[in-house]
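So for the sequence shown, my numbering puts the first residue at 27; every next one is plus one. By construction, the Cβ of each residue, glycine as well, lies at the ideal position given by its N, Cα and C atoms. So the structure is just underneath, and the comments pick up after that.
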Amino acid sequence: MSSLMPSRARMLQVMKLSKSIFHETFNPDNTRNGAKVLRQRLKGDIIKNYYRPNVLTLRELRAIHPEGNHYDDKEERRLAKIAVRKKKGKGKPAKSKGKA
27 MSSLMPSRAR MLQVMKLSKS IFHETFNPDN TRNGAKVLRQ RLKGDIIKNY YRPNVLTLRE
87 LRAIHPEGNH YDDKEERRLA KIAVRKKKGK GKPAKSKGKA
């Protein structure tokens, strides 16, 4: 009866041959090796494409090309708002001269 059941060494040889044919990793001891994680698709491109591309702001554009005539509506509104607040007396306080 024992001749019907192949030996462990023979089973390991068959398993190793099978794994090499189907391009799988041979792991007879069932140790954890991270093969499951390494088989997964890489996520780098998906994550990189999730965020919008880095676009220059007008402030950065002025720093690069100061002689250009760049109009920034957002900056103009901000400066106008500061001027109105300063006229009302609610602007940024003056810097102190320090203790003398």
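- The beta carbon of residue 45 sits closer than 7 Å to the beta carbons of 51, 52 from its chain, once the five residues preceding and following it are set aside; these are given in chain order.
- In this chain, residue 78 is not harboured by any alpha helix (DSSP H), its DSSP state being neither H nor E.
- Using a Cβ distance threshold of 7 Å, residue 96 and residue 84 count as a contacting pair.
- Residue 54 sits away from residue 43, with the two beta carbons spaced by 7 Å or more.
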